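Numbering (the working numbering), first residue to last: 9 to 203.
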Amino acid sequence: MLVSGAGTNLAALLAAHADAGYGARVVGVVSDKPAAGGLDVARAAGVPTAVVAPRDFEDRAHWDRGLADAVGVFRPDLVVSAGFMRILGATFLGRFPGRVLNTHPALLPSFPGAHGVRDALEHGVKITGCTLHVVDAGVDTGPIVAQAAVAVEPDDDEASLHERIRVVERALLVDWVGRIARGGLTLDGRRVVVG
9 MLVSGAGTNL AALLAAHADA GYGARVVGVV SDKPAAGGLD VARAAGVPTA VVAPRDFEDR
69 AHWDRGLADA VGVFRPDLVV SAGFMRILGA TFLGRFPGRV LNTHPALLPS FPGAHGVRDA
129 LEHGVKITGC TLHVVDAGVD TGPIVAQAAV AVEPDDDEAS LHERIRVVER ALLVDWVGRI
189 ARGGLTLDGR RVVVG
């Protein structure tokens with residue numbers, strides 16, 4: 009799993025895999041930030057970790073290769089990028105083709121990028137939500153696995169809306185990672201088939 013922040017999605021996945029029937033296990037956690045809270049969550053659960061900080065590499069291409077190597081050590085069937093705030097490059101994606109999932113706090117293809125919640129609010133939408141998608145070379149442009157809607161309340165600000173989206177996002181992520189682990193994931197163009 010790739011993390012940059014507190015690791016709330018990681019904690020939800022760790023809780024889910026306590027159920028033997030869930031079908032998935034977090035085998036390793038990699039972060040781009042040495043102080044990411046998600047690393048502490050992983051360590052507390054006995055999950056091995058690694059840090060691949062961009063500043064430790066001469067350029068983006070070398071970092072991307074280093075990240076792919078670090079994740080490759082764990083031999084994952086699926087790579088989950090949840091709260092990982094870096095764009096994955098061609099080397100990384102080529103190493104794990106069609107096996108990298110990302111969560112996004114908006115209903116793609118609307119409001120891609122780092123400010124999906126803010127952009128949705130500024131646009132005045134009444135419904136937003138979250139998306140789980142397969143990562144491709146674009147920014148939040150990959151085939152959509154699943155989505156869930158979240159109503160925008162009249163008094164919402166970015167923080168309150170984002171927190172409600174995060175709750176729904178965690179449930180969506182846990183549900184679909186389990187489904188994929190138990191049934192597999194196949195891409196047919198932009199169509200995602202699970203099971």
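Just so you know, even glycine gets a beta-carbon here, dropped at the ideal spot from N, CA and C.
On a predicted model such as this, the values are computed, not experimentally measured, just so you know.
If you follow the alpha helix (DSSP H) that residue i is part of, which residue opens it and which one closes it?
i, result
"Val175", "Glu166 to Gly191"
"Leu140", "Careful: Leu140 lies outside any alpha helix (DSSP H), inside the beta strand (DSSP E) at Ile135 to Val142."
"Thr57", "No alpha helix (DSSP H) contains Thr57, which is instead part of the beta strand (DSSP E) from Thr57 to Val59."
"Phe100", "Ala98 to Arg103"
"Asp148", "Per DSSP, Asp148 belongs to no alpha helix (DSSP H) and is neither H nor E."
Going by C-alpha distance, which of the options is nearest residue i?
i, options, result
"Ala76", "Val60, Thr111, Glu171 and Asp164", "Val60"
"Ala156", "Pro162, Ala145, Asp144 and Gly137", "Gly137"
"Gly97", "Phe82, Pro62 and Pro84", "Pro62"
"Asp196", "Gly36, Gly106 and Gly13", "Gly106"
"Glu130", "Pro113, Asp165 and Asp48", "Asp165"
"Asp40", "His25, Asp72 and Arg33", "Asp72"
"Arg178", "Leu21, Ile188 and Val11", "Leu21"
"Ala154", "Ile135, Val182, Lys134 and Gly132", "Val182"
"Leu10", "Phe104, Arg172, Arg126 and Val87", "Val87"
"Gly36", "Pro113, Arg187, Ala52 and Val133", "Ala52"
Identify, in the order they occur along the chain, each residue of the same chain with its Cβ nearer than 7 angstroms to the Cβ of residue i, setting aside the five sequence neighbours on each side.
i, result
"Leu116", "Thr139, His141, Asp148 and Ile152"
With 16 other CB atoms within 10 Å as the buried threshold, where does residue i fall?
i, result
"Ala128", "buried"
"Arg199", "exposed"
"Ser89", "buried"
"Arg68", "exposed"
"Glu161", "exposed"
"Ala50", "buried"
"Ile135", "exposed"
Could you tell me the boundaries of the beta strand (DSSP E) in which residue i lies?
i, result
"Arg199", "Arg199 to Val202"
"Leu109", "Val108 to His112"
"Val153", "Ile152 to Ala159"
Who pairs with residue i in a beta bridge, going by DSSP?
i, result
"Leu10", "Val38 and Ser89"
"Thr194", "Val201"
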